[in-house]
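Counted the way mature numbering (1 follows the signal peptide of the UniProt record, and there is no 0) counts, the sequence shown spans residues -19 to -1, 1 to 134. Glycine residues also receive a C-beta, built at the ideal position from the N, C-alpha and C atoms. Read through the structure below, which is laid out as structure tokens, and then see the notes.
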Amino acid sequence: MKKTFYTAVVILFAVSVFSGCSVKQEPKKKETTKQQTKISEVSKAQKIQIISLKEQKTVADIKDKDEIRALLEDLKIDQWETVKSVPEGAEAVYRCDLYQAGTQKLDQKKPGSVKKMGSLTFYEDGPYVSMKILSFRLNFKIPVDAVQILKKL
């Protein structure tokens, strides 16, 4: 009887220790998930307007879902690495404004208007991009060939 009791106590102790260890690792998973969620917001765009900041003019206005999906695949968003900041002196060359249709409410007969949900700013001096969605701002190092895609548009 005592052996069973002591065995149960040891098992309960071991379970509580191991469950405590897994709780400590959970915040890292949550942080990664938050970043992935913010990046996935880009794929919800229903219109992308690409603006050349040097020439101050719109280079492309993409509204087709297939074209948007193709552009996002070409930019290789899944390979972007988070960095603390863009290097000082980096010159912004392109800005992609992301638009999404507003929520249609029950009393509305027409769909909601398209609203700007964020932007991506690409830099010339290195493969960097700043993403601003709502009040969140993230900086990324991106594949070198991803920047070349915007130059081709």
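Residue pairing by DSSP places S116 opposite no residue, since no beta bridge is assigned to it. Per DSSP, L79 is one residue of the beta strand (DSSP E) stretching across 73 to 82. It is roughly 15 Å from the alpha-carbon of Y80 to the alpha-carbon of D47. In the three-state scheme derived from DSSP, where H, G and I count as helix and E and B as strand, L56 is classed as coil. DSSP, read as helix, strand or coil, puts K86 in coil.
The C-beta of G99 has 16 or more other C-beta atoms within 10 Å across all chains shown, which makes the residue buried. As a beta-bridge residue in DSSP terms, S100 pairs with D78, K113. Looking from the CA of D126, the closest CA among I32, L115, P108 belongs to P108.
Cβ atoms of L34 and A73 come within 8 Å of each other, at about 5 Å. DSSP places A41 inside the beta strand (DSSP E), whose first and last residues are 38 to 43.
Within the DSSP bridge table, the entry for K28 names Y80 as partners.
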